[in-house]
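J.:
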Amino acid sequence: MAQLKVNICGVDFKNPLIAASGTFGFGREYNELYDISVLGGISTKGMTLEPRTGNPVPRIAEGGSVILNAVGLQNPGVEHFIKSDLQFLKEKGVVIVANVAGKTFEDYGEICAKLDGIVDFVELNISCPNVKAGGMAFGVKPESIKKVTAVAKSSLKSTPLMVKLSPNVESIAVNAKAAQDGGADCISLINTLTGMVIDIERRRPLIANNTGGVSGAGIKPIAVRMVYEAAHAVDIPVIGMGGITCASDVVEFMMAGARAVQVGTANFSNAYAMPEILTNLNLWLDGHGIKDVNEIVGALQLN
Numbered sequence: 005m006a007q008l009k010v011n012i013c014g015v016d017f018k019n020p021l022i023a024a025s026g027t028f029g030f031g032r033e034y035n036e037l038y039d040i041s042v043l044g045g046i047s048t049k050g051m052t053l054e055p056r057t058g059n060p061v062p063r064i065a066e067g068g069s070v071i072l073n074a075v076g077l078q079n080p081g082v083e084h085f086i087k088s089d090l091q092f093l094k095e096k097g098v099v100i101v102a103n104v105a106g107k108t109f110e111d112y113g114e115i116c117a118k119l120d121g122i123v124d125f126v127e128l129n130i131s132c133p134n135v136k137a138g139g140m141a142f143g144v145k146p147e148s149i150k151k152v153t154a155v156a157k158s159s160l161k162s163t164p165l166m167v168k169l170s171p172n173v174e175s176i177a178v179n180a181k182a183a184q185d186g187g188a189d190c191i192s193l194i195n196t197l198t199g200m201v202i203d204i205e206r207r208r209p210l211i212a213n214n215t216g217g218v219s220g221a222g223i224k225p226i227a228v229r230m231v232y233e234a235a236h237a238v239d240i241p242v243i244g245m246g247g248i249t250c251a252s253d254v255v256e257f258m259m260a261g262a263r264a265v266q267v268g269t270a271n272f273s274n275a276y277a278m279p280e281i282l283t284n285l286n287l288w289l290d291g292h293g294i295k296d297v298n299e300i301v302g303a304l305q306l307n
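If you read the sequence shown in our numbering, its first letter stands for residue 5, the second for the next number, and so on.
1) Short check: CB of A74 to CB of T249, under 8 Å?
2) Considering Cα atoms alone, identify which of I204, S159, I211, P209 is closest to G187.
3) Rounding to the nearest angstrom, what Cα-Cα distance links R63 and D253 in this structure?
4) Quick one: what's got a C-beta closer than 8 Å to G314's C-beta in the same chain, skipping five residues either side?
5) Take A270 and list the residues in its own chain whose beta-carbon comes closer than 6 Å to its own, dropping the five residues that flank it on each side.
6) For L37, I'd like the list of residues in its chain whose CB is within less than 6 Å of its CB, leaving aside the five on either flank, ordered along the chain.
7) Do K136 and T163 have their C-beta atoms within less than 8 Å of each other?
8) Name the residue from A6, L21, M245, E95 whose alpha carbon lies nearest to the alpha carbon of I191.
9) What do you get for A303, buried or exposed, if any count of 16 or more other CB atoms within 10 angstroms of its CB means buried?
10) Would you check whether the ligand MN has a heavy atom nearer than 7 Å to the C-beta of I281?
11) For my contact list, A23 and V267 are in at a C-beta cut-off of 8 Å; report their separation, rounded to the angstrom.
12) Mind checking F257: buried by the 16 CB within 10 Å criterion, or exposed?
13) Spell out the partners DSSP gives Q7 in its beta bridges.
14) Between the stretch 206-215 and the stretch 172-179, do at least 3 Cβ pairs fall closer than 8 Å?
15) Does DSSP put R229 in a helix, in a strand, or in coil?
16) Between the Cα of H84 and the Cα atoms of I100, N129, G76, T52, which residue gives the shortest distance?
17) Identify every residue that forms a DSSP beta bridge with P209.
18) If you draw a straight line from the alpha carbon of G291 to that of V42, how long is it in whole angstroms?
19) Assuming V155 and G113 are in contact, meaning their beta carbons sit under 8 Å apart, how far apart are those beta carbons, in whole angstroms?
20) Quick check: what's the CA-CA separation for K295 versus L285?
21) If I measure Cβ to Cβ from N129 and keep anything under 6 Å in the same chain, skipping five residues before and after, which residues do I get?
22) From the DSSP secondary-structure annotation, give me the bridge partner or partners of L197.
23) Which of the three DSSP states is assigned to M259 in this structure?
24) Threshold first: 4 residues or longer. Then list the alpha helix (DSSP H) segments lying entirely within the stretch 114-183, N to C.
25) Helix, strand or coil: how does DSSP classify N286 here?
26) Which one of A264, V242, C132, P60 has the shortest CA to CA distance from A251?
27) Measuring CA to CA, which of E110, K118, E280, E66 is closest to L90?
28) A234 by DSSP, collapsed to three states: which one?
29) Using a threshold of 8 Å, state whether the C-beta atoms of A6 and L289 are closer than that.
30) With distances taken Cα to Cα, identify the nearest neighbour of R32 among L21, K18, S47, P20.
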């Protein structure tokens, strides 16, 4: 069997598979089906300073090979996570990536300070609207990305900072560089695209929020391209995600430059998706005579 361990920012992952934020909760439900300690890491449900009830329903809709969601960051708040879920994840021996969100720059700084030193990574969800800037997402403009990254980084003394980039931008390469310039230790991408599904009988959007974040197998080619562009724009590690459903998808992302990957929507259609991907990744590497998964990182050769 190939060596699957990857190291990102000095943190060892037993393998490059990380459960993506918003698709895995805090791991407890999936652990009832299989031992989640087989995973490399878990990116938690997006957390805010205070509990959030989320958006009105309906807030999930299907659309071909994708789903749309407008859950609205429903979560129990960071203090609840620290008291009720952190120890469980520590006992599972997975790398803990705490995904966080805020309405202001100050929110990000405060929540990062609470998590500093007690999780393995903090992952900034910067697709959230900045209430002090008319609702524009923090992750749209490079100057905003650089600032929110710097604010978060200043509150983290010992925990590496991962910045999760939005694809709804003019240039993913420019925004990746902005995150690096702001002090990010690594970046993850892509977050969801923005989309809409219409109920043609009611002549209304299926989702109460009107639009939602698009994820699933259908977005993979876009995600692979953006990961490739980002990985060639920065000197920090890149974690890829977006439509991964099988081991060959993982290989694609890693060849494009990702050091590790996050698997999200696939967990909804197949609760055992990640352990199956892990098994098949081993088989693919063995079948191609590859002794170390790190050998395929950035191995893409353009035509």
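The beta-carbon is built from N, C-alpha and C at its ideal position, and this holds for glycine as well.
T.: The relevant details are as follows:
1) Walking along the sequence shown from the start, residue 74 turns up at place 70. Walking along the sequence shown from the start, residue 249 turns up at place 245. No, Cβ-Cβ distance for A74 and T249 is not below 8 Å.
2) Taking the sequence shown and counting its residues from 1, the one referred to as residue 187 is at position 183. Cα-wise, what sits closest to G187 is S159.
3) As a working note, residue 63 is residue 59 in the sequence shown. As a working note, residue 253 is residue 249 in the sequence shown. When rounded, the distance between both Cα atoms is 28 Å.
4) The first residue shown for the chain is 5 and the last is 307, placing residue 314 beyond what the model contains.
5) Mapped onto the sequence shown, residue 270 falls at position 266. The answer, listed in chain order, is T249, A277.
6) Locating residue 37 in the sequence shown gives position 33, counting from the first residue. A275.
7) Position 132 of the sequence shown, counted from the start, is the residue given in the question as residue 136. Position 159 of the sequence shown, counted from the start, is the residue given in the question as residue 163. Contact flag unset, no.
8) In the sequence shown, the residue the question calls residue 191 occupies position 187. The shortest C-alpha separation from I191 is found at M245.
9) Numbered from 1 along the sequence shown, position 299 holds the residue referred to as residue 303. A303 is exposed by the Cβ-count criterion.
10) The ligand MN is absent from the structure shown, which contains no ligands of any kind.
11) If you number the sequence shown from 1, residue 23 lands on position 19. If you number the sequence shown from 1, residue 267 lands on position 263. Confirmed, about 6 Å.
12) On the sequence shown, position 253 is the one that residue 257 refers to. That one is buried.
13) In the sequence shown, residue 7 corresponds to position 3, counting from 1. According to DSSP, Q7 bridges with D296.
14) no
15) Position 225 of the sequence shown, counted from the start, is the residue given in the question as residue 229. Correct three-state label for R229: helix.
16) Within the sequence shown, residue 84 is the residue found at index 80, counting from 1. Looking at the Cα atoms, T52 is the closest of the given residues.
17) Position 205 of the sequence shown, counting from 1, holds the residue named residue 209. BP columns for P209 point to I202.
18) By 1-based counting over the sequence shown, the position of residue 291 is 287. By 1-based counting over the sequence shown, the position of residue 42 is 38. G291 and V42: Cα-Cα distance of roughly 22 Å.
19) One-based indexing of the sequence shown puts residue 155 at position 151. One-based indexing of the sequence shown puts residue 113 at position 109. Going by Cβ atoms, the distance from V155 to G113 rounds to 5 Å, so yes, they are a contact pair.
20) Sequence index remark: in the sequence shown, residue 295 carries index 291 (1-based). Sequence index remark: in the sequence shown, residue 285 carries index 281 (1-based). Rounded to whole angstroms, K295 to L285 spans 12 Å at the Cα level.
21) In the sequence shown, the residue the question calls residue 129 occupies position 125. Cβ within range, chain order: G50, N103, A105, K168.
22) The residue you call residue 197 lines up with position 193 of the sequence shown. For L197, which the question treats as bridged, DSSP gives the partners V218.
23) Within the sequence shown, the letter at position 255 stands for residue 259. Here M259 sits in helix by DSSP.
24) 146-158
25) Within the sequence shown, the letter at position 282 stands for residue 286. Correct three-state label for N286: helix.
26) Position 247 of the sequence shown, counted from the start, is the residue given in the question as residue 251. For A251, the nearest C-alpha among the options comes from A264.
27) Here residue 90 is taken as the residue at index 86 of the sequence shown, counted from 1. Checked all of E110, K118, E280, E66; the closest Cα to L90 is K118.
28) Position 230 of the sequence shown, counting from 1, holds the residue named residue 234. In the structure shown, A234 sits in a helix (DSSP, three-state: H, G or I).
29) Within the sequence shown, numbered from 1, the residue matching residue 6 stands at position 2. Within the sequence shown, numbered from 1, the residue matching residue 289 stands at position 285. Result yes, Cβ atoms of A6 and L289 sit closer than 8 Å.
30) As a first step, residue 32 is located in the sequence shown; it is residue number 28 there, counting from the start. Out of L21, K18, S47, P20, S47 has the C-alpha closest to the C-alpha of R32.
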